[in-house]
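Notes to accompany the following structure.
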Amino acid sequence: MKKYIFLILFIFPASLFAQEDNNAQLWEKANAFYTTEEYQQAISLYEQILDSGEESAKLYFNLGNAYYKAGDVNNAILNYERAKLLAPNDEDIDFNLQIANQFVVTSIDELPKPFFVRWKQSVVNLYPADTWSLISVSAFVLFLVLLGLYLFGRSISVRRLSFWIGILAVIFSGFTFSFASIQKNKIKTRNHAVVFCPRVTVKSSPAQNGTDLFLIYEGLKVEITDSLSTWKEIRLSDGNEGWLPDSCIVKI
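Number 13 in numbering that gives the first Met the number 0 belongs to position 14 of the sequence shown; there are no gaps in the numbering.
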């Protein structure tokens, strides 16, 4: 039994390192193909890395660039959006996504949001979930240190200062933990999608005989609000809602 346990403990890390080494080689080859403008070969290798279970903002970004250069704007937008989920404040991703969205036919006037909602979103999007988690843990550790100074410090001024800074630290830790949860939830739920059908009529109900509401075109980002059988209820950024076949969208 111990022998089998040893083999499992030995083989699993070895296979993990082998996979990482293989992905590193695929990454270098894909980048080389991209440099020589062999975009389909680069796409194939980037997709192989994703199929292995590895994902990162940089990987999705490079894949989006390759799709864009190959003339596939829909997949370019899809992968830029996936990259943005992992790196919400990356200026290069935002810029390339803006360029790709210029090819989207459907024009949407986004509903204005209250200033405090926009401010909260801008703060939350400063960092990805992992960074907010690290900040939250660091702030909580600082709180514990200050708590120790408050309980065991001999100086009244040090204890008073430790108390108030500790209160601020634990509050800050709570806020940043909530920001990490928001970012993590966006990655987990993935309730947005990109339209891949060249054109599709949005229905009032999840049926082909439903009333036609409006027409949208490929490349448009939509929010998924409900699902029924092979239909998805979607909401546009201008507030319009309706149903369309799930075969016409791909989740971000």
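Idealized CB from N, CA, C, for every residue including glycine. Given the structure is predicted, the values throughout are model-derived calculations rather than measurements.
Assumed close pair residue i, residue j - CB separation to whole angstroms, cut-off 8 Å
i, j, result
"A56", "L85", "4 Å"
"I92", "A99", "Wrong, their Cβ atoms sit about 11 Å apart, outside the cutoff."
"I170", "A192", "Actually they are not in contact, since the Cβ atoms of I170 and A192 sit about 37 Å apart, beyond 8 Å."
"W131", "A69", "In fact, because the Cβ distance is near 35 Å, the residues do not count as touching under 8 Å."
"G63", "N78", "4 Å"
"L125", "N88", "5 Å"
"E54", "N22", "The Cβ separation is near 11 Å, so there is no contact."
Candidates the options: closest to residue i by CA position
i, options, result
"K185", "I251, V104 and L44", "I251"
"Q47", "A75, K68, G70 and Q18", "Q18"
"L146", "I248, W26, I166 and S137", "I166"
"Q101", "L243, L160 and K220", "K220"
"E240", "C196, S226 and S246", "S226"
"I238", "S246, F213, C247 and G218", "Here the sequence assigns Gly to residue 238, which means Ile is not the residue at that position. The shortest C-alpha separation from G238 is found at F213."
"A206", "I107, V194, Q182 and D245", "D245"
"G173", "F162, F142, E27 and D50", "F142"
"C196", "L125, W118, S135 and V103", "V103"
"L235", "V194, D211, G209 and T210", "V194"
"N190", "E80, A23, I107 and Y126", "E80"
"S135", "D89, A168, V201 and W26", "A168"
"E232", "Y67, I215, V201 and Y216", "V201"
"G218", "R159, W26, A75 and Q182", "A75"
"A128", "K187, A41, G63 and S51", "K187"
"T105", "Y216, L49 and S156", "Y216"
"Y149", "S137, I164 and N22", "I164"
"N30", "L44, L160 and D20", "L44"
"V123", "F162, S177 and I155", "S177"
"F94", "S51, R159 and F60", "F60"
Limits of the unbroken beta strand (DSSP E) element including residue i
i, result
"T224", "K220 to L227"
"E232", "W230 to R234"
"I215", "D211 to Y216"
"V249", "I248 to K250"
"V193", "H191 to V194"
"L243", "E240 to P244"
Residue i, enclosing alpha helix (DSSP H) - first and last residue
i, result
"R117", "F114 to V123"
"G165", "I155 to T188"
"T200", "Counting along the chain, T200 falls outside any alpha helix (DSSP H), though it belongs to the beta strand (DSSP E) covering R198 to K202."
"G147", "A128 to F151"
"S43", "Y38 to D50"
"I107", "Taken as a continuous stretch (DSSP letters only), I107 belongs to no alpha helix (DSSP H), as it is neither H nor E."
"E90", "E90 to N100"
"A86", "Unbroken run through A86: none, as it is neither H nor E."
Cβ neighbour criterion (16 or more within 10 Å) applied to residue i
i, result
"Q97", "exposed"
"I248", "buried"
"L8", "Per-residue confidence for L8 stands at a pLDDT of 48, beneath the threshold of 50, marking its modelled position as unreliable; the derived number appears in the next sentence. L8 comes out exposed."
"F42", "Reading off the sequence shown, one finds Ile at residue 42, where the question assumed Phe. The residue is buried, with at least 16 neighbouring Cβ atoms inside 10 Å."
Residue i at chain B interface by Cβ criterion, 8 Å
i, result
"L44", "Checking the listed chains, one finds no chain B in this structure; it contains a single protein chain."
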